[in-house]
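Student:
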Amino acid sequence: MPPETVEVRRSSRRRRTVSAYRDGEKTIVLLPDGLSRTDEEQWVRRMLDRLAAKEQRRRPSDDDLLERANELSARYLDGSARPSSVRWVENQRHRWGSCTPDHGTIRISSRLRGMPAWVVDYVIMHELVHLLVPSHGPRFWTLVERYPRAERARGFLEGFSTAASGAAQEW
Ligand SMILES: [Zn+2]
68 MPPETVEVRR SSRRRRTVSA YRDGEKTIVL LPDGLSRTDE EQWVRRMLDR
118 LAAKEQRRRP SDDDLLERAN ELSARYLDGS ARPSSVRWVE NQRHRWGSCT
168 PDHGTIRISS RLRGMPAWVV DYVIMHELVH LLVPSHGPRF WTLVERYPRA
218 ERARGFLEGF STAASGAAQE W
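Numbering (my numbering), first residue to last: 68 to 238.
1) Can you tell me the Cβ-Cβ gap for L102 and S86, rounded? I've got them flagged as a contact below 8 Å.
2) Could you check how far apart the C-beta atoms of A148 and L199 are, in whole angstroms? I think they sit under 8 Å.
3) On a Cα-Cα basis, can you pick out the residue from R216, L195 and Q123 that is closest to N137?
4) One question on the structure: do P150 and G171 come within less than 7 Å of each other, judged by their Cβ atoms?
5) For G14, write down the residues that DSSP places opposite it in a beta bridge.
6) For T84, name the three-state secondary structure that DSSP assigns.
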């Protein structure tokens, strides 16, 4: 990762409010005017840690993935898909997800980390349905479409693939 570019903005109007957000490559930290240099440095550090922790929470663990898979199965597939494990994998460069129906295992490409939850959920949903229907036939898609944002998520991922590599993605 490149070193973080931090821009501190001081405002007398923000008396006690301290906040931080990402703006492209930069991180903006809003501080009240008139803090000592030491206080300011401490606040910047604290706000950067807080922001990083918040972003970390958006990247679910393997356990979180399994929990989400079970929720999706319960909500959209009457609990009929029963994954034994769902985990992130690093070595899946040409597919967003894959599964082994005999073992009930699902693998999700780590390239999805940090993407919106509803997009990750779609990929999990896709693989859950594969545990029930191996091929991409009409029955497969009927089940996948029970996930309300299926089409939107496909559009999102297609746009992402095109931007990243110019190549179509295989599931
Ligand atoms: Zn598929």
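Note that CB positions come from ideal geometry on N, CA and C, so glycine has one too.
Tutor: By the coordinates alone:
1) Position 35 of the sequence shown, counted from the start, is the residue given in the question as residue 102. Position 19 of the sequence shown, counted from the start, is the residue given in the question as residue 86. With 8 Å as the limit, L102 and S86 do not qualify as a contact, their Cβ atoms being about 14 Å apart.
2) Position 81 of the sequence shown holds residue 148. Position 132 of the sequence shown holds residue 199. Yes, they are in contact, since the Cβ atoms of A148 and L199 sit about 6 Å apart, within 8 Å.
3) The residue given as residue 137 occupies position 70 in the sequence shown. Nearest option by C-alpha distance: L195.
4) Translated into positions along the sequence shown, residue 150 becomes position 83. Translated into positions along the sequence shown, residue 171 becomes position 104. Contact flag set, yes.
5) For the chain, the structure presents residues 68 to 238; residue 14 sits outside this window and is missing.
6) Your numbering for residue 84 matches position 17 in the sequence shown. The answer is coil: DSSP assigns T84 none of H, G, I, E or B.
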